[in-house]
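Working notes, structure below.
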Amino acid sequence: MDLVCTRCGEPWHMDHVLHDEPEEFERQGGVILRCPCCSRKTVKLSDEERRRLNTIQAIGEVLGDDLDGFAAALEDFDLL
């Protein structure tokens, strides 16, 4: 299952974020705030993409540390 960076929109496999390179990600619970793709660059997004990422962040804040539930919600709501 994937988690999405709410800064740039890049999807990341949950196992990679949690186990392979956790130090490369800034996150709160399941919400990725910054990832290796966007950590050192300016990110420009469309309004639609920004709304999608804000929705992802809001769902993640509600679900907190329930990473499986968060990843499943992203798939259920077709936010990936």
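Heads up, the working numbering is the position in the sequence shown plus 8, with the first residue counted as 1. C-beta atoms are modelled at their ideal positions from N, C-alpha and C, and glycine is treated no differently.
Take the Cβ of residue i as the centre, count every other Cβ of all protein chains shown within 10 Å, and call the residue buried at 16 or more, exposed below.
i, result
"Ala80", "exposed"
"Cys78", "The question names Cys, but residue 78 in the sequence shown is Phe. Buried is the call here."
Return the residue from the list the options that minimises the CA-CA distance to residue i.
i, options, result
"Leu43", "Gly37, Thr14, Gly77, Asp74", "According to the sequence displayed, residue 43 carries Cys and not Leu. The shortest C-alpha separation from Cys43 is found at Thr14."
"Ser47", "Ser54, Arg58, Glu34, His27", "Glu34"
"Ala66", "Lys52, Pro30, Phe85", "Phe85"
Compare the beta carbon distance of residue i and residue j with 8 Å and say whether it is the shorter of the two.
i, j, result
"Leu87", "Ile64", "yes"
"Leu61", "Asp10", "no"
"Val12", "Pro19", "yes"
Could you tell me how far apart the beta carbons of residue i and residue j are, in whole angstroms, since I believe they sit closer than 8 Å?
i, j, result
"Leu75", "Gly38", "5 Å"
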